[in-house]
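The number in my numbering is simply the position in the sequence shown, starting from 1, with 1 added. Quick reminder that beta carbons are idealized off the backbone N, C-alpha and C, glycines included. Keep in mind it's a predicted model, so treat the numbers as computed, not measured. Okay, so here's the structure we're looking at.
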Amino acid sequence: MRLGQKFVPVVVFAVLLGGIGLAQWTGVWATTSQKNPARYTSGAYAGQYNPADIRGSYTLADVARLFAIDEPVLLSAFALPADTDASQYRTRDLEARYAGLEREIGNESVQVFVALYKQLPVTLEDTALPDQAVDLILGANPDLTQEQRDWLDAHRVDVSSVSPPVETVSPHPVTALQINGKTTFQNLLDAGLSREQVESVLGQAMPATNQTVKDFCLAENLPFSSVKNEIAALLAP
Numbered sequence: 002m003r004l005g006q007k008f009v010p011v012v013v014f015a016v017l018l019g020g021i022g023l024a025q026w027t028g029v030w031a032t033t034s035q036k037n038p039a040r041y042t043s044g045a046y047a048g049q050y051n052p053a054d055i056r057g058s059y060t061l062a063d064v065a066r067l068f069a070i071d072e073p074v075l076l077s078a079f080a081l082p083a084d085t086d087a088s089q090y091r092t093r094d095l096e097a098r099y100a101g102l103e104r105e106i107g108n109e110s111v112q113v114f115v116a117l118y119k120q121l122p123v124t125l126e127d128t129a130l131p132d133q134a135v136d137l138i139l140g141a142n143p144d145l146t147q148e149q150r151d152w153l154d155a156h157r158v159d160v161s162s163v164s165p166p167v168e169t170v171s172p173h174p175v176t177a178l179q180i181n182g183k184t185t186f187q188n189l190l191d192a193g194l195s196r197e198q199v200e201s202v203l204g205q206a207m208p209a210t211n212q213t214v215k216d217f218c219l220a221e222n223l224p225f226s227s228v229k230n231e232i233a234a235l236l237a238p
């Protein structure tokens, strides 16, 4: 059967549209980029996103979403104005902002900050961090190794010549944490507890931070109510 010439464009368009629809349905075709970094594949952090795979094309909003960090914390860490649009500011933009400094601050700086702030494994690179970022890390993570502390001391940079001083935000919210069945170990760390404090309650090593306390207690035959009460006591002012 032969089609009239005037029907050929219609048929071609229909075929293309149907093909794209099928590809979208099967996951082959993506109309928007999926910004999901690689995950740790082994060890205590298996399954969690690896900050070493943060790309320069990621916005600060992407980083905040993926690693559960408040956007104001990221803005403060890199001495950016509080009204900066995190959804438009890419991590690679830091290189241009701080191009006049002797030490480089850019995407790798974001990788290191996220890792140390969230207590995740990291290979310390020859990059730099603003003083504000170092102070936030020290405030959020008192259990840094001496090697990490020495690295921070050697790689901190005063950026006041480029960025006017901005108010440093608190690394942890003031609101009290309500411990329930959905509370994760990361929630406990974000509330200000150290890994050692949590492990002193559990009587063993703390698992992956994305696991809930209740699920861990069930798996290890620990009384959730007792664990919850002991943790609440540690969090009490």
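- A220 is classed as exposed because its beta carbon has fewer than 16 other beta carbons within 10 Å across all chains shown.
- By the neighbour-count criterion, in which 16 or more other beta carbons inside 10 Å mark a residue as buried, S88 falls on the exposed side.
- Within the same chain, Cβ atoms closer than 7 angstroms to the Cβ of D54 are found at P38 and A39, the five residues on either side in sequence being excluded.
- Excluding residues up to 5 positions away in sequence, W152 lie with their Cβ nearer than 6 angstroms to the Cβ of L125 in the same chain.
- In the DSSP assignment, S201 falls within the alpha helix (DSSP H) that extends over R196 to L203.
- When the Cα atoms are used, L223 and Q49 turn out to be separated by approximately 25 angstroms.
- In the three-state reduction of the DSSP assignment, P52 falls in the helix class.
- Under the three-state reduction of DSSP output, L76 falls in the helix class.
- DSSP, read as helix, strand or coil, puts R66 in helix.
- When C-alpha distances from F225 are compared across A134, Y59 and N181, the shortest belongs to N181.
- Here T185 is bridged, per DSSP, to T213.
- Assigned with DSSP and collapsed to three states, V158 falls in strand.
- By the neighbour-count definition (other C-beta atoms within 10 Å, threshold 16), N108 is a buried residue.
- A residue is called buried once 16 or more other Cβ atoms fall within 10 Å of its Cβ, and S110 is buried on that count.
- With contacts defined by Cβ atoms closer than 8 angstroms, F114 and L130 form a contacting pair.
- For L130, the secondary structure class from DSSP, reduced to helix, strand or coil, is strand.
- For I232, the uninterrupted alpha helix (DSSP H) run begins and ends at F225 to L236, by DSSP.
- Take E231, set aside five residues on each side of it, and the residues of its chain with a beta-carbon closer than 8 angstroms to its own are V202, in chain order.
- Cβ atoms of A62 and E72 come within 8 angstroms of each other, at about 6 angstroms.
- Under DSSP, T92 shares a beta bridge with no residue.
- For R150, the secondary structure class from DSSP, reduced to helix, strand or coil, is helix.
- Shown here, R98 sits in a helix according to DSSP, grouped into three states.
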